[in-house]
Structure formats: C-alpha cells, structure tokens
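Asks: What follows is a single structure, and I will ask about it in a moment.
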C-alpha cells in the first residue's frame with residue numbers, strides 16, 4: 006500500500022502523522038515504519054490486544070508496550086512482525102494519541118464509472134462532480150459523473166432525510182462505497198461522501214472537463230446523400246451535435262421541440278433515437294433515457310406561449326421534485342422566426358439554452374440574441 010490516497014502525508018515517523026485505518030482496511034493497507042491509531046480490545050499478562058480496523062488486529066507485547074492502557078483506550082502503534090501463522094505483532098510508539106494529526110486511510114480501489122459493472126460487491130472510491138441530487142422517501146441519491154459516465158450514489162441518513170446537506174449540485178466529491186445492483190442497474194451504496202475543496206476539487210474538475218470535451222466531440226461521418234447545399238452547414242451541425250452530447254454528459258435534460266408535420270417528424274425522431282442511445286451508454290440509471298430526453302411536437306409552425314408555459318412548468322417541477330437541472334431546448338423544423346421571440350424572451354429569464362435547426366425562412370436578427378446555436 007502507498008499512503009498517497011490518504012493525502013500524501015509521507016512517512017509518519019518523520020512528521021508525527023498517524024494513520025487511521027478505515028474499518029474495511031486489511032493487512033495489505035499497512036506499511037512498516039508508519040504509525041497507526043489502534044484501540045485496545047483486551048489485556049493479558051504479557052501485553053494488550055489492539056484493533057486497527059475490523060480486519061486488522063494483533064498483540065502489543067509487554068516488551069513493546071508503553072504505560073498501562075486499558076480496554077477502550079487509543080494507542081499509537083507500528084507494525085513489528087507478521088508471523089508465519091498469520092499472527093501480527095505491534096509495538097507501541099512513543100506518541101500520545103491526543104497530540105497527533107491523523108490521516109484517514111480508506112479501503113478499496115480508485116475506479117471510474119465505466120469500471121463499476123465489473124466491481125459488483127467491491128468497496129471502491131470514485132471522484133467526480135454532482136450533476137443531480139434526488140431526495141427519495143428513503144436515501145438521498147447523488148448522481149456523480151467522472152467524464153466516463155454518470156452513476157447514482159445512494160446515501161442514507163434516515164428515511165426521507167437529506168444526507169450530506171453540505172453537498173450541492175456541481176460540487177466536486179470523493180465517494181467511498183460498495184458497488185451494488187438495483188433493478189439490474191449499477192448503483193454505489195455510499196459509506197462516505199466528502200466534498201472536495203481547493204486544489205483537490207480543481208484537479209477533479211480539470212480531469213472531468215478534459216474527458217467530457219473528448220467524448221462530446223461528434224464522430225466525423227459522411228452524409229448519406231451527395232448534396233452541395235449541405236456542405237456549408239456541416240460545421241454548424243457538428244457544433245449542435247457537440248452541445249447535445251455535452252448536455253448528456255452533464256445530465257442536463259433535453260427537450261426536443263418540432264413542428265407536428267412530416268418533415269418535423271422525420272427530423273426529430275432520428276435525433277431522439279440517437280440521443281436516447283447515447284444516454285444509455287453514459288448513465289448507469291436505466292430510466293435516464295426516458296427522463297433526460299423528451300420529444301414534444303408543436304401544433305403551430307412556431308414556438309408559441311402555450312408551449313413555453315408547459316415546458317417551463319414541467320422543467321421547474323422536475324428541478325424541485327427530482328433535483329434535475331433546467332433543460333436545454335432543441336428546436337427542429339421550427340423556431341427561427343420573429344414569431345418565436347416572445348417565447349424565447351420568457352425562457353431567457355432562466356438557465357435554458359436554446360439550439361435551433363430549421364429550414365423555414367430565418368430571421369436571425371430577431372432570434373439570435375436568444376439562441377446559442379442557429380443553423
């Protein structure tokens with residue numbers, strides 16, 4: 006074992022740091038020469054028995070003992086020997102437990118979301134940022150992404166009680182827990198969830214940003230038809246695709262609005278299918294595709310106030326009840342005329358980005374102050 010996971014504290018015998026093992030740590034997590042916090046669990050004529058974790062215990066022989074500790078007392082020890090029969094011997098260090106800095110040593114391996122399906126039943130550590138917080142009647146479910154995917158992490162304080170109230174949306178966190186399955190989907194049962202700060206948080210965010218930028222880039226595909234009019238638009242369409250993939254990777258819902266006619270259906274249904282398939286590869290929650298991508302036809306050949314009112318009501322309710330972000334609005338075969346401006350102006354009061362891909366007569370001067378991309 007190395008203690009880098011415990012904070013790069015270095016050798017405890019030089020700096021006075023004492024390591025405090027997680028309850029699940031084993032003998033493999035111990036190094037010779039380092040100090041560990043232990044608790045006396047029994048006394049005999051020839052020494053005391055101590056526990057360092059649920060799986061690590063041993064004898065401090067009277068020849069290696071300092072003072073006269075009683076059951077329940079904390080002591081600081083170093084590893085003295087591991088015998089052939091598996092018995093472990095410790096030596097007491099000349100340190101008062103009350104006067105030391107302790108560094109937690111967690112158990113388990115560092116993993117990514119993409120590795121979890123192969124680690125069912127294992128205790129692991131995952132670093133990422135929080136993209137959704139949902140309070141259920143039982144646990145609080147934190148959806149955490151690391152760039153390779155998004156996984157629900159269930160933390161239980163009490164039935165219906167918010168766990169880890171200090172952790173908010175977009176916080177960088179380190180989660181320790183057991184990989185389990187719930188309704189055939191991977192979920193992390195949280196033992197410990199820590200909000201990261203400073204350089205640790207910045208390092209996690211930079212790592213996620215790099216991974217998301219790489220995965221959000223759309224594939225370079227050849228069009229199905231040779232159409233000269235399409236070539237000037239391909240770069241702009243690729244940017245729309247990148248933004249949509251980025252939304253999936255940050256667990257932002259997508260509302261796909263289109264005119265309720267033949268070309269609107271032909272344009273929107275393939276996009277919906279592609280997005281739902283991508284969501285299924287990113288999110289461990291099997292219901293994510295249904296919740297995060299919804300296709301909504303509009304009767305009018307523009308985005309009318311009735312549509313925007315309905316969309317905002319559902320979006321704000323989903324944010325309140327399910328901890329979702331506000332959605333991105335993707336307008337297809339609709340949305341590029343002055344008639345769309347009143348609805349766009351209503352959305353402009355909220356964090357709802359708008360993308361438009363429309364073949365009708367555009368009015369860029371009217372709509373482009375309100376839209377992020379317009380093709």
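In this note's numbering, the protein residues as written are 6 to 380.
Positions of the beta carbon are idealized from the N, C-alpha and C atoms, including for glycine.
For clarity, every value in this text was computed on a predicted model and none was experimentally measured.
Between the segment 78-85 and the segment 30-50, do at least 3 Cβ pairs fall closer than 8 Å?
Replies: The answer is yes - the segment 30-50 touches the segment 78-85, with three or more Cβ pairs under 8 Å.
Asks: When burial is assigned at 16 or more other CB atoms within 10 Å of the CB, is residue 338 buried or exposed?
Replies: The residue in question, residue 338, is buried, as its Cβ has 16 or more Cβ neighbours within 10 Å.
Asks: Using only the alpha-carbon positions, how far apart do residue 228 and residue 243 sit?
Replies: Whole-angstrom Cα-Cα distance: 12 Å.
Asks: Of all the options 273, 258, 256, which has the alpha carbon lying nearest to the alpha carbon of residue 264?
Replies: Nearest C-alpha to residue 264: 273.
Asks: Using the rule of at least 16 other Cβ atoms within 10 Å of the residue's Cβ for burial, across every protein chain shown, is residue 74 buried or exposed?
Replies: Classification of residue 74: buried, given that the 10 Å Cβ count is 16 or more.
Asks: Please report how far the alpha carbon of residue 188 lies from the alpha carbon of residue 120, in whole angstroms.
Replies: So the alpha carbons of these two residues sit roughly 19 Å apart.
Asks: Using 10 angstroms around the beta-carbon of residue 374, count the other beta-carbons present and answer buried if the total reaches 16, otherwise exposed.
Replies: Flag for residue 374 reads exposed.
Asks: Identify the residues that DSSP records as bridge partners of residue 87: which are they?
Replies: Looking at the DSSP assignment, residue 87 forms a beta bridge with 93.
Asks: Name the residue from 376, 317, 355, 333 whose alpha carbon lies nearest to the alpha carbon of residue 345.
Replies: Of 376, 317, 355, 333, the residue nearest in Cα terms is 376.
Asks: What does the alpha-carbon distance come out to for the pair residue 192 and residue 326?
Replies: Each residue's Cα considered, the two are about 20 Å apart.
Asks: What do you reckon, are the CB atoms on residue 65 and residue 94 nearer than 9 Å?
Replies: Yes. Within cutoff.
Asks: Could you spell out where the alpha helix (DSSP H) holding residue 211 opens and where it closes?
Replies: Run containing residue 211: 203-221, per the alpha helix (DSSP H) assignment.
Asks: Looking at the strands, I want to know which residues DSSP matches up with residue 299.
Replies: In DSSP, residue 299 forms a bridge with 260.
Asks: Assuming residue 333 and residue 252 make a contact with CB atoms under 8 Å, what is their CB distance in whole Å?
Replies: Contact holds; Cβ gap of about 5 Å.
Asks: Leaving out five residues on either side along the sequence, give the residues of the same chain with a beta carbon under 6 Å from the beta carbon of residue 185.
Replies: 192, 194.
Asks: Can the beta-carbon of residue 255 be found closer than 9 Å to that of residue 209?
Replies: Against a cut-off of 9 Å, the Cβ pair of residue 209 and residue 255 comes out as no contact.
Asks: On the DSSP bridge assignment, give the partners of residue 30 in chain order.
Replies: According to DSSP, residue 30 bridges with nothing at all.
Asks: Sorted by chain position, which residues of the same chain lie with C-beta nearer than 6 Å to residue 58's C-beta, five sequence neighbours on each side aside?
Replies: Answer for residue 58: 26, 28, 30, listed in chain order.
Asks: What does the Cβ neighbour count give for residue 108, buried or exposed, with the cut at 16 atoms within 10 Å?
Replies: Answer is buried; the Cβ neighbour count reaches 16.
Asks: DSSP on residue 136, reduced to helix/strand/coil?
Replies: Three-state DSSP puts residue 136 in a strand.
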